[in-house]
Amino acid sequence: MPEQREPRAMEVQIKHAIAEAQEEGSSFSAVHALWIDATSQEAKKSPLNSRFRNHLVDRIDASCAFKRGQKDNQTPIYPPQLSITKKGPEPEPITTLGLQGPQSVSSTARSLILDLGPLKLMFSFLTHCNVNLYQRRYWEDTISVLSWDDRHWSVALAFEFNDHFLAFISLDNLFQILNSTKLEERLAIKVIRDMKSLHGAGVYTSLELFAMAGVSPFLSAAEVFRNLSRTARLLDAYWCYCQRTHSDELWTKLLRPAVHHGVLAPTVDQRLQYRNWLCVYAKDNVLCTPREATLIDNYVDALAMIGSSPEPFVRSGDDVHLAGLHDVFEPNRIRSALERSELNLGHLIFTESRWHALGGPLSSMDDPITKMFERRGLLDSTTFLHNEIYETLFVDSTGLSRRTTYSYHATKQFWSITPCFPPNLFHDMRAVRAWNITYTAKLEVAEVAAREAQRRKRTSSRSVATDTPISLNEAIALARLNVPSWPTFPFTPIVGAE
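Counted the way full-length UniProt numbering counts, the sequence shown spans residues 1 to 498.
In structure tokens, the structure reads:
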């Protein structure tokens, strides 16, 4: 097992190496291939004259079944999410993976973590391992032509980029790899519901927090927790929610009217009074300020425009601003948190300059949330806020408007002040490219099935003579039309019940 400082030292080393390479014009946006050295047993079983048989490092592809790790707990060395299986004969290519830069590298006390976009890889250093960034010339002229017998070490796993190879080096091939796509795929609200450290944020409380924070409950964990504004808003919403829970209001306005001689015995009307403590859950409509109503209307219109387009859109980058898809955030909903003089996160929510312009209380900015995002190089991430609409930090609570809520079912109920995303609205361009690959594969499968069906019709002696025959091209066209143009969204609309 490594000592605590070893993985941290490797993290710092690789971050600096990647930063220097990027300054010289190198790109790490796409992984071209994975390379490994085979074990002795794998080499013996490899074909004659193959590189593995000759103890040379070689590429592996989606058909590779090699595993590494402790004897009773081994894991695949090639990402299973990208491997060929019976259910997925044409997986996404390895080129969908890539590093954004130094911020894509992090560490724990015993492992190094690479954020490869749709995939997260954790390399656990079980014994003698380290990691290096090699220039392509050195790799091709030295490492790739020397056997591991001559090198006296093995390439545990190497990522091939345009100009460099990021290689994990091992003396004994004792290491473990864990690949995960959960951060990209899981909904952020599901992550919060499952967090042991965020107590009491269950089905309806989590929905309340997202509404208060102006964060769509249909966003992925990566879209929320890699963004400092959304994360800070959720933290402030949780603080406000807990503050009200522990205030005297809980007793004076909710419980005391329903207590009779020490016994809690609320009437039906008194039970329904709890709805006034909720923002969105189980409500047909939501009360909102005029500017929040404007944000909701713009958001709904933007989603309708996107959904009617034959082209894909992404929820990051310029598409958000072009489509007017800004987060529906009303600062009034977390006012008590934004007015704090200590541990104020306003500079993370709005950016430091915008927070200063709004006259928000200045904090020391040495809070753990700011420091964490600073370490990961994420302080410059977009806020997804419509800055022009916030002329003042808070607005008068009179003259409130009502807007219809949206309710869905997907294992648990979802209530939101904005609708779920249309199927052609993707997380980022990598997701678009991945879907294009999947869609093309489905079209090819549909065409093969149509050809086979036509062949069976021609050769079958039981064909009904009155059937109207169609040509092969027509059959293929019909089969392709039945392939969904966009991925299905796992949310079924339900009727609200206030």
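A virtual CB, placed ideally from N, CA and C, is assigned to each residue, including glycine. The structure presented is a predicted model; accordingly, all values stated were derived computationally and were not measured.
- A straight-line Cα-Cα distance of about 9 Å links C288 and C279.
- In this structure Q103 is in contact with G377, their Cβ atoms being roughly 4 Å apart against a cut-off of 8 Å.
- Separation of L362 and V328 (C-alpha to C-alpha, rounded to the nearest whole angstrom) is 24 Å.
- Under the three-state reduction of DSSP output, Q74 falls in the strand class.
- Short of 7 Å from the beta carbon of N130, and not among the five residues preceding or following it, lie these beta carbons of its own chain, in chain order: M10 and I169.
- Per DSSP, the beta bridge partners of N285 are T404.
- Beta-bridge pairing by DSSP links H164 to Q135.
- Collapsing the DSSP output to three states places K457 in a helix.
- Here the stretch 365-376 makes no contact with the stretch 263-271; the two share fewer than three CB pairs at distances below 8 Å.
- For S220, the number of other beta carbons within 10 angstroms of its own is at least 16, and it is reported as buried.
- DSSP lists W35 and A167 as the beta-bridge partner residues of A158.
- Counting along the chain, I306 sits inside the alpha helix (DSSP H) bounded by residues P290 to G307.
- With respect to the C-alpha of T392, the residue from R354, D366 and R458 having the closest C-alpha is R354.
- W153 carries a coil assignment under DSSP once its states are collapsed to helix, strand and coil.
- Counting along the chain, L278 sits inside no alpha helix (DSSP H), nor does DSSP assign it H or E at all.
- In this structure, the alpha-carbon of F218 lies about 50 Å from that of K44.
- With fewer than three CB-CB distances shorter than 8 Å, the stretch 393-406 does not count as touching the stretch 426-434.
- The DSSP assignment places 401-404, 406-410 and 412-416 as complete runs of the beta strand (DSSP E) inside the stretch 391-442, in order along the chain (cut-off: 3 residues).
- In the three-state reduction of the DSSP assignment, D115 falls in the strand class, which pools E and B.
- S26 and T383 have their C-alpha atoms spaced approximately 29 Å apart.
- Taking a 10 Å sphere around the C-beta of P484, we find fewer than 16 other C-beta atoms and assign the residue as exposed.
- Around A337, the same chain offers D236, W239 and C240 as residues with beta carbons nearer than 6 Å, after the five sequence neighbours per side are excluded.
- If you check the CB distance, T488 and P419 do not come in under 8 Å.
- If you check the CB distance, R403 and A293 come in under 8 Å.
- Between S381 and R226 the beta-carbon gap is near 7 Å, inside 8 Å, which marks them as a contact.
- Our two residues, A450 and G200, have alpha carbons roughly 53 Å apart in a direct line.
- In the DSSP secondary-structure assignment, C129 is bridged to S170.
- Here L295 really is in contact with H386; their C-beta atoms are around 6 Å apart, less than 8 Å.
- Sequence-distant partners of E311 (beyond 5 residues in either direction) whose C-beta falls short of 8 Å from its own C-beta, in its chain, are N424.
- Residue environment: M212 is assigned as buried (16 or more neighbouring CB atoms within 10 Å of its CB, all protein chains considered).
- Annotation: G98 to A158 spans about 13 Å, alpha carbon to alpha carbon.
- Cβ neighbours of E140 within its own chain (closer than 8 Å, five residues either side excluded): none.
- Looking at the backbone, the Cα of T440 and that of A357 are separated by about 49 Å.
- Straight-line spacing of the CA atoms in S229 and F350 works out to 7 Å.
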